[in-house]
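Chains as they are written, first to last, in this note's numbering: chain Y, 1 to 578; chain D, 579 to 838.
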């Protein structure tokens with residue numbers, strides 16, 4: 001049958017802002033005047049910004065989110081197509097260097113409402129308890145100013161809000177289970193299960209991944225079309241665009257899309273007064289605010305602080321420590337590719353659905369600290385072609401031939417912990433962007449522990465691929481994710497923000513996104529970023545007006561405000577097996 | 579694509595007979611498979627984007643005529659297509675030209691690389707021509723197809739002999755990465771390439787159902803392999819294995835050391 005019954009599928013509605021096929025924005029968006037001093041101005045409506053916006057709006061604050069990219073109408077703007085999805089990524093100019101330069105753009109940087117959560121693969125494991133004190137345990141990196149127990153309620157809460165699908169028993173770190181059922185496995189997942197099982201390695205099947213395995217509310221279940229990182233038109237994959245933004249708008253938040261923050265303004269009293277930003281016509285505006293939260297992720301957040309240098313803050317706003325931009329981290333993301341005699345067709349099913357964290361913790365037998373995870377990945381043809389270039393140096397007829405075997409290959413990703421180093425940093429380049437703002441220069445260098453860890457992780461993953469039955473196993477070296485560069489800590493001399501994300505130097509300026517993470521473990525950072533954002537929101541809410549009127553720093557832990565989550569996303573319980 | 583005509587058909591060969599295979603509408607192991615035939619089942623936005631890509635390749639605005647001939651010739655080596663019927667060859671240059679004309683990038687530039695536009699209208703052409711002159715005493719467009727293949731292989735290998743002063747301003751490995759990236763971005767974005775490799779293509783809102791064991795959906799087809807050799811006199815069929823490198827920087831710097 002060449003056409004569906006009733007003809008080819010219809011165009012999206014002209015007069016409706018769709019977020020998936022069923023959900024749409026059902027209220028007119030509030031618009032604050034620039035002269036009006038809003039309570040919280042959030043720069044960047046991504047993983048963290050989306051959660052903050054929703055919580056603060058629901059708590060009754062006047063809150064505006066500035067977003068550099070568009071406010072997606074998913075039915076009209078998104079496609080099931082690799083080449084057509086470039087607009088989801090941060091394409092503005094940046095320079096990358098150091099001994100081990102990082103690929104940016106599509107690899108790790110989103111643009112538009114939802115930010116990186118629009119193009120993440122949605123693996124949503126927690127950090128392990130050990131991650132919060134690797135300096136104490138291993139003498140490497142740094143300890144967090146918070147413990148696993150302090151973030152735990154937020155892990156449990158966000159796993160329900162996204163929600164995360166996964167097995168009822170998850171054995172690593174702090175063992176727990178998932179409230180939403182695991183996904184069926186595709187060809188790549190089967191290969192990882194087979195390889196791990198052959199080697200006696202425990203494996204988690206069908207998650208944890210923030211993709212709906214069954215429909216919930218106005219979000220449908222996954223249809224296994226494989227275009228997760230091109231933006232989930234289905235609405236099954238969690239992004240803050242579909243999980244938190246609709247509720248934020250219903251509760252009176254404003255999102256100002258295509259608004260590029262240029263500089264944070266500091267008043268004479270040492271408190272910030274608002275943010276200068278460019279609209280899409282490159283007109284400069286100033287939005288006043290009682291407090292500012294920067295949620296621009298690990299490159300744009302330090303860039304904005306550095307571009308906001310002013311008298312008294314010559315090295316960048318909130319940078320008396322000199323740590324803004326430093327301790328940037330990416331994870332080792334080596335992709336191991338295995339060719340199988342039988343077909344795999346790895347484009348079906350979400351790329352993220354099977355993993356093992358058996359090698360996550362420090363192993364005294366290794367000559368390096370910390371460890372790695374092994375996860376399914378599943379590149380679509382364009383991404384796979386580039387991997388064949390890197391791994392096999394294929395070109396010309398060799399490349400055409402390898403690509404004709406696309407359906408025979410399965411791919412696993414190493415996800416390895418790279419430690420925080422002061423020389424891995426974001427600085428400002430001489431080059432300017434279209435707004436005249438200095439662009440970011442990113443310098444990245446691997447250190448000995450990182451190299452040893454990558455070697456071991458890569459070789460173990462190749463071993464698993466062979467055990468799965470692959471007849472040829474090759475590998476592409478690369479990196480995944482970005483965190484750090486505005487890290488949190490108790491000591492203002494060695495960190496940028498305190499444990500709630502408040503900058504040590506400016507009492508009403510906060511940073512809350514992946515850049516506050518002091519270390520990163522071998523877990524994909526998305527869940528942790530949203531959990532930290534929800535915790536900071538609870539802190540801000542418990543402080544009521546104190547943030548606006550006082551320079552006092554109250555370090556009391558806030559209570560969990562479950563009732564401020566989007567409706568129907570909580571109260572179902574999380575099975576705990578500990 | 580003048581080179582194909584002026585240097586013989588240069589088509590893949592049947593390994594048993596050594597005879598050249600006839601050009602196909604769709605090379606690859608999925609005969610009759612046609613993703614575009616499913617377009618009525620795609621959402622309209624996706625359908626419009628993909629159909630537009632096939633039917634309306636953008637006009638060249640960035641490259642002048644000489645540059646266009648130069649890079650078309652390069653891409654005839656990087657993604658050769660003589661196994662395709664001439665009317666079924668996938669255009670590499672128009673989407674690249676559009677990207678450069680609009681000044682779009684991947685969102686970053688390596689610090690040892692010029693801007694993409696300068697690579698394509700200056701440094702890249704000069705570097706390839708310098709290599710052609712060093713090896714064969716003539717600019718790239720004047721040498722034979724095989725000689726061109728050898729020039730590009732030297733750059734692919736990371737071992738160019740000529741153009742030292744150009745390579746001081748442009749990292750040879752990153753240059754090759756950029757050129758192959760743009761070729762892949764164009765070729766494997768095209769639904770005819772999806773047919774060739776058996777990629778299912780867009781599946782919203784219909785979904786995929788048969789997730790396991792690589793089995794086809796009802797509208798997909800079973801694989802039917804055949805043996806083929808690359809055309810006589812090309813050197814791009816060979817693949818290597820750079821898997822022993824643990825880090826991206828080392829893997830990029832991988833060098834093939836060859837006799838010639």
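Ideal Cβ placement from N, Cα and C applies to all residues, glycine included.
**Item:** Rounded C-alpha distance that separates residue 616 of chain D from residue 3 of chain Y
**Value:** Your numbering for residue 616 of chain D matches position 38 in the second chain. Your numbering for residue 3 of chain Y matches position 3 in the first chain. In a straight line, the C-alpha of residue 616 of chain D is about 7 Å away from that of residue 3 of chain Y.
**Exposure of residue 162 of chain Y, with buried meaning 16 or more beta-carbon neighbours within 10 Å** = The residue you call residue 162 of chain Y lines up with position 162 of the first chain. With 16 or more other Cβ atoms within 10 Å, it is buried.
**Message:** Any heavy atom of the ligand NAP closer than 6 Å to the beta-carbon of residue 390 of chain Y?
**Reply:** In terms of ligand content, the structure shown is empty, and the ligand NAP therefore cannot be addressed.
**Message:** With a threshold of 8 Å, are at least 3 pairs of Cβ atoms found where one atom belongs to the segment 414–422 of chain Y and the other to the segment 364–377 of chain Y?
**Reply:** In short, these stretches touch, since the Cβ pair count reaches three.
**Request:** Kindly list the residues whose CB is nearer than 6 Å to the CB of residue 739 of chain D, restricted to its own chain and excluding five residues on each side of it in sequence; keep chain order.
**Result:** Looking up residue 739 of chain D in the second chain gives position 161. The residues are 712.
**Asked** For a contact meaning CB atoms closer than 8 Å, what does residue 789 of chain D contact in chain Y?
**Response** Locating residue 789 of chain D in the second chain gives position 211, where the first residue counts as 1. What residue 789 of chain D touches in chain Y: 184, 185, 186, 187, 224, 348, 349.
**Asked** From residue 802 of chain D to residue 609 of chain D, what distance separates their C-alpha atoms?
**Response** As a working note, residue 802 of chain D is residue 224 in the second chain. As a working note, residue 609 of chain D is residue 31 in the second chain. Computed Cα separation, rounded: 7 Å.
**Item:** Spatial distance of residue 78 of chain Y from residue 233 of chain Y (CA atoms)
**Value:** Locating residue 78 of chain Y in the first chain gives position 78, counting from the first residue. Locating residue 233 of chain Y in the first chain gives position 233, counting from the first residue. So the alpha carbons of these two residues sit roughly 6 Å apart.
**Reduced DSSP category for residue 430 of chain Y - H, G, I as helix; E, B as strand; rest coil** = As a first step, residue 430 of chain Y is located in the first chain; it is residue number 430 there, counting from the start. If DSSP states are grouped into helix, strand and coil, residue 430 of chain Y belongs with the strands.
**Asked** Which residues, in order along the segment 68–91 of chain Y, keep a beta-carbon less than 8 Å from a beta-carbon of chain D?
**Response** Taking 8 Å as the Cβ-Cβ cut-off against chain D, the residues of the segment 68–91 of chain Y that qualify are 75, 76, 77, 78, 79, 80, 81, 82, 83, 84, 86, 89, 90, 91.
**Prompt:** Between which two residues does the beta strand (DSSP E) containing residue 472 of chain Y stretch?
**Reply:** Within the first chain, numbered from 1, the residue matching residue 472 of chain Y stands at position 472. Looking at the DSSP string, the run of the beta strand (DSSP E) that includes residue 472 of chain Y is 472–476.
**Asked** Going along the chain, which residues of its own chain have a beta-carbon closer than 7 Å to the beta-carbon of residue 147 of chain Y, five neighbours each way excluded?
**Response** Here residue 147 of chain Y refers to the residue found at position 147 of the first chain. Within its own chain, the residues whose Cβ lies closer than 7 Å to the Cβ of residue 147 of chain Y, once the five positions on either side in sequence are excluded, are 132, listed in chain order.
**Prompt:** For the segment 513–524 of chain Y against the segment 124–140 of chain Y, are there 3 or more C-beta pairs whose distance is under 8 Å?
**Reply:** The segment 513–524 of chain Y makes contact with the segment 124–140 of chain Y; the number of CB pairs closer than 8 Å reaches 3 or more.
**Item:** Status (buried if at least 16 other CB within 10 Å, exposed otherwise) for residue 498 of chain Y
**Value:** What you label residue 498 of chain Y is simply residue 498 of the first chain in a count that begins at 1. The residue is buried, with at least 16 neighbouring Cβ atoms inside 10 Å.
**Message:** Let me confirm a value: residue 388 of chain Y is counted as buried when at least 16 other C-beta atoms fall within 10 Å, else exposed. Which label applies?
**Reply:** Translated into the one-based positions of the first chain, residue 388 of chain Y becomes position 388. Label assigned to residue 388 of chain Y: buried.
**Message:** So, does the segment 722–734 of chain D touch the segment 683–692 of chain D, judging by three or more C-beta pairs under 8 Å?
**Reply:** Fewer than three beta-carbon pairs drawn from the segment 722–734 of chain D and the segment 683–692 of chain D are found closer than 8 Å, and the two stretches are therefore not classed as touching.
**Message:** Please report the straight-line C-alpha distance between residue 207 of chain Y and residue 181 of chain Y, rounded to a whole angstrom.
**Reply:** What you label residue 207 of chain Y is simply residue 207 of the first chain in a count that begins at 1. What you label residue 181 of chain Y is simply residue 181 of the first chain in a count that begins at 1. Using only the alpha carbons, I get a separation of about 9 Å.
**Item:** Sequence-distant residues of the same chain with beta carbon closer than 6 Å to residue 578 of chain Y, five excluded per side
**Value:** Counting from one through the first chain, the residue named residue 578 of chain Y turns up at place 578. Low confidence applies here, because residue 578 of chain Y scores a pLDDT of 38, under 50, leaving its location unreliable; read the following figure in that light. Non-local C-beta neighbours of residue 578 of chain Y in its own chain, meaning closer than 6 Å and more than five positions away in sequence, comprise 175, ordered along the chain.
**Request:** To the nearest angstrom, report how far apart residue 299 of chain Y and residue 479 of chain Y are at their CA atoms.
**Result:** As a working note, residue 299 of chain Y is residue 299 in the first chain. As a working note, residue 479 of chain Y is residue 479 in the first chain. Their backbone Cα atoms lie some 15 Å apart in a straight line.
**Item:** For residue 66 of chain Y, the first and last residue of its enclosing beta strand (DSSP E)
**Value:** By 1-based counting over the first chain, the position of residue 66 of chain Y is 66. Run containing residue 66 of chain Y: 63–66, per the beta strand (DSSP E) assignment.
**Item:** 8 Å contact criterion, which residue 658 of chain D and residue 396 of chain Y should meet: CB distance rounded
**Value:** Sequence index remark: in the second chain, residue 658 of chain D carries index 80 (1-based). Sequence index remark: in the first chain, residue 396 of chain Y carries index 396 (1-based). With a Cβ gap of about 6 Å, residue 658 of chain D and residue 396 of chain Y count as contacting.
**Prompt:** Taking Cβ positions only, does residue 818 of chain D come closer than 7 Å to chain Y?
**Reply:** Here residue 818 of chain D refers to the residue found at position 240 of the second chain. Chain Y contact via Cβ: present.
**Request:** Whole angstroms is fine: what's the gap from residue 96 of chain Y's alpha carbon to residue 439 of chain Y's?
**Result:** For this step, residue 96 of chain Y is matched to residue 96 along the first chain. For this step, residue 439 of chain Y is matched to residue 439 along the first chain. Whole-angstrom Cα-Cα distance: 11 Å.
**Message:** Quick check on the burial criterion: 16 or more other C-beta atoms within 10 angstroms. Buried or exposed for residue 804 of chain D?
**Reply:** Indexing the second chain from 1 puts residue 804 of chain D at position 226. So residue 804 of chain D ends up on the exposed side.
**Asked** Using a beta-carbon distance cut-off of less than 8 Å, what residues from the segment 474–491 of chain Y approach chain D?
**Response** 474, 475, 476, 477, 478, 479
**Item:** Close beta carbons around residue 780 of chain D, own chain, < 6 Å, minus the five adjacent residues each side
**Value:** Taking the second chain and counting its residues from 1, the one referred to as residue 780 of chain D is at position 202. Within the same chain, residue 780 of chain D has close Cβ partners 620, 624.
**Cβ-based contacts, 9 Å cut-off: residues of the segment 635–662 of chain D near chain Y** = 655, 656, 657, 658, 659, 661
**Asked** Beta carbon of residue 8 of chain Y, beta carbon of residue 594 of chain D: below 7 Å?
**Response** Your numbering for residue 8 of chain Y matches position 8 in the first chain. Your numbering for residue 594 of chain D matches position 16 in the second chain. No, these two residues do not count as a Cβ contact at 7 Å.
**Prompt:** Taking the alpha-carbon positions, what's the residue 94 of chain Y to residue 733 of chain D distance?
**Reply:** If you number the first chain from 1, residue 94 of chain Y lands on position 94. If you number the second chain from 1, residue 733 of chain D lands on position 155. Rounded to whole angstroms, residue 94 of chain Y to residue 733 of chain D spans 26 Å at the Cα level.
**Request:** Mind checking which residues open and close the beta strand (DSSP E) that includes residue 41 of chain Y?
**Result:** Taking the first chain and counting its residues from 1, one reaches residue 41 of chain Y at position 41. Per DSSP, residue 41 of chain Y belongs to the beta strand (DSSP E) from 38–43.
**Prompt:** For residue 23 of chain Y, which option in Y:356, Y:43, Y:219 has the closest C-alpha, if you only look at C-alpha atoms?
**Reply:** For the purposes of this step, residue 23 of chain Y is taken as residue 23 along the first chain, with counting starting at 1. The option with the nearest alpha carbon to residue 23 of chain Y is Y:219.
**Message:** Please state the DSSP three-state secondary structure of residue 495 of chain Y.
**Reply:** Indexing the first chain from 1 puts residue 495 of chain Y at position 495. If DSSP states are grouped into helix, strand and coil, residue 495 of chain Y belongs with coil.
**Prompt:** If you check the beta carbons only, do residue 579 of chain Y and residue 312 of chain Y fall under 7 Å apart?
**Reply:** Residue numbering for chain Y in the displayed model covers 1 to 578; residue 579 of chain Y lies beyond these limits and cannot be assessed.
**Request:** Write down every uninterrupted run of the alpha helix (DSSP H) in the segment 621–661 of chain D whose length is 4 residues or greater and which is fully enclosed by it, in chain order.
**Result:** 622–633, 643–656
**Cα-Cα separation, residue 302 of chain Y to residue 547 of chain Y** = As a first step, residue 302 of chain Y must be located in the first chain, where it is residue number 302. As a first step, residue 547 of chain Y must be located in the first chain, where it is residue number 547. So the two alpha carbons sit approximately 22 Å from each other.
**Message:** Suppose only complete runs of 4+ residues qualify. What are the alpha helix (DSSP H) ranges in the segment 378–408 of chain Y, listed by chain order?
**Reply:** 381–392, 396–404
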